[in-house]
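Below is one structure, written out as structure tokens; comments come after it.
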Amino acid sequence: MALTVAHRGSLFHLLADPRIKKDCVEFLEDGILLVSDGAIMSMGPANELLGQLPAETEVVYHHDAVLVPGFFDLHVHSPQLTTVAIYGEQLLGWLNTIIPEEEAYKDPEVASNRADLFIREALRNGTTTMAVYGSWAKESVDALFKKADSLNMRLVAGKVMADRNMPEGISLTSPDQDYEDCSSLIETWHGKGRLSYAVTPRFAISCTREDMKVASRLISEHHDVYFQTHLSENPKEVEFTLELFPECKSYLEVYDSFGLLGKRSIFGHCIHLEDKDFKRVAETGSILCPNPPSNFFLGSGLFKFENAKNRNVRVALGTDFGAGNTLSMLSSMENAYKMAQLQGYSLSPWEAFYYATLGGAKALSIDDRIGNFLPGKEADFVVLDKKATPLIEWRMEHARSPADVMFVFMMLGDDRVVRSTYVAGQAVHHRDDRKDD
């Protein structure tokens, strides 16, 4: 018989997109999250559920904490562990510095060791679902999937495709090699456990038309894989892209011309988009994924959250770890708030947490399985500590409302507030200095 566990603490989740629907937030000061066999059985006030618990239910008390759905980071680079926090340039110059480090990932032992560190660091920050860019080496993605599978973690990943315009010394792929490697990875890993493959051209600059056709072919042959790439991150990148594809009037049109827009297509950054691009993204149901820590670090620009809202565009959130200097989605939410403020738009804590939880699930079209605490959903969740630091403890004592509590986590939180992380009901991270009792 599966062990049933009642997790008692404050509970928070979203039932819908707060940009569209009001009254979609549920916050319980003293609640029970009932978990069995990796899934959520029920959620409700503790005073109502305690007397109804199944026999032999274990009760875990999460004192001074809020349980939230596991975070989604839908744009992140696993091979950039050794180059995070590299001082210097904006996007294109920075890439010439950091991409050569990815060569090491062709060694399976290096790829395995670094995948372990990368995933452990993500879990330490409360991230339970990621869309990851590997390196050009097939071994980098094999290692990620092996590690995630061992933890029963939900992961989307793909090897980057790049057959031109890479720094000197980088092993360029070819369209034939990309097709062979991606097909092999899809056959081995896609749909295994909680794993999914993403066809992953690094960006249009690095791919010939032949390589872009390979991406399109892979998607047509495997309808349920994802597609991920970069879009309109930096003005010089946009300019160079249009020089390489002069038949296209916009960067987005490059991908559109190869049939790469759609409901399973995730575009990272999307800072320098025009109104017609937002319209086309909405028409195709494609996903935009800004990465505020990275966008500030490289000085790339400001994502237009209000435009996306007004166009009813699907939005997720990422860290772009590597250029982003953190794997904390709380830090990404903090930076998203500041980014919106610079444009005269106030990003509510509900909207920010939506992007990092239920919105991420909707972006991956798996919100029927994950993203909030409705019965039957997968039990990925995070325990956020209201006493993680003296300042946070003090501020929480003076919190005025549930929105204020979550805003404090969003603005003052990072990995220190993540007391525990659970994947499919199993604890995969406990902060060293404090265990749940």
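Take 47 as the starting number for the sequence shown in my numbering and just add one per residue. In this text, a Cβ means the ideal position worked out from N, Cα and C, and glycines have one as well.
If you drop the 5 nearest sequence neighbours on each side, which residues of the same chain put their C-beta closer than 8 Å to that of residue i?
i	result
Lys184	Lys205, Asp227, Ser230, Leu231
Asp460	Asn171, Thr372, Ser374, Leu376, Ser377
Pro221	Asp209, Thr254, Glu256, Asp257, Lys259, Val260
Asp426	Pro115, Gly116, Thr174, Thr175, Arg200, Ile416, Tyr468, Val469, Ala470
Gln389	Leu348, Lys350, Phe351, Glu352
Tell me the DSSP bridge mates of residue i?
i	result
Ser82	Thr50, Ala85
Ile312	Gln274, Ile333
Pro154	Paired residue(s): none; Pro154 is not in a bridge.
Asp119	Met176
Leu74	Leu57
Helix, strand or coil, according to DSSP, for residue i in the structure here?
i	result
Thr175	strand
Ile333	strand
Leu113	strand
Leu95	helix
Asp63	coil
Glu484	Absent from the model: residue 484. The displayed extent of the chain is 47 to 483, so no value can be given.
Asp302	helix
Arg240	coil
Asp227	helix
Ser466	strand
Thr219	coil
Val187	helix
Tyr297	helix
Arg166	helix
Arg200	strand
Met212	coil
Tyr107	strand
Where does residue i land, buried or exposed, given buried means 16+ other C-beta within 10 angstroms?
i	result
Asp478	exposed
Lys481	Unreliable placement is indicated for Lys481, whose pLDDT of 43 sits below 50; no coordinate value is reported for it.
Gln274	buried
Leu410	buried
Leu393	buried
Lys322	exposed
Leu298	buried
Arg210	exposed
Gly471	buried
Asp431	buried
Glu148	buried
Trp182	buried
Val105	exposed
Apart from the five residues just before and just after residue i, which ones in its own chain have a Cβ nearer than 7 Å to its Cβ?
i	result
Ala161	Ser124, Ala189, Leu190, Lys193
Gly347	Ile317, His318, Asn341
Thr330	Leu307, Gly308
Phe118	Thr175, Ala362, Ala402, Thr403, Gly406, Ala407
Leu391	The amino acid at residue 391 is misidentified as Leu; the sequence shows Tyr. Once the five neighbours on either side are set aside, the close Cβ partners of Tyr391 are Phe351, Glu352.
Asn358	Ala328
Thr128	Glu147
Phe501	The requested residue 501 is not part of the displayed model; the chain covers only 47 to 483.
Apart from the five residues on each side of it in sequence, which residues of its chain come closer than 6 Å, Cβ to Cβ, to residue i?
i	result
Tyr225	Val260
Asn159	none
Ala434	Arg462, Val463
Ala250	Thr287, Val300
Pro336	Phe349
Tyr451	With the sequence shown as reference, residue 451 is identified as Val, and Tyr is not the correct amino acid for it. For Val451, where only same-chain residues beyond five positions count, the Cβ hits under 6 Å are Ala445.
Do we get a CB-CB distance below 7 Å when we pair residue i with the residues of chain D?
i	result
Asn280	Of the protein chains in the structure, only one exists, and it is not chain D.
**Residue ranges of each beta strand (DSSP E) within the segment 396 to 460, 3 or longer** = As far as the segment 396 to 460 is concerned, its whole beta strand (DSSP E) runs of at least 3 residues are 427 to 431.
**Request:** Quick one: which unbroken beta strand (DSSP E) runs of 3-plus residues sit fully inside the segment 246 to 271? Chain order, please.
**Result:** List check, beta strand (DSSP E) in window: nothing returned.
**Request:** Enumerate, from N- to C-terminal direction, the unbroken alpha helix (DSSP H) stretches of 4 or more residues contained entirely within the segment 318 to 369.
**Result:** Taken in chain order, the complete alpha helix (DSSP H) segments of 4 residues or longer contained in the segment 318 to 369 are 321 to 330, 338 to 343, 351 to 356.
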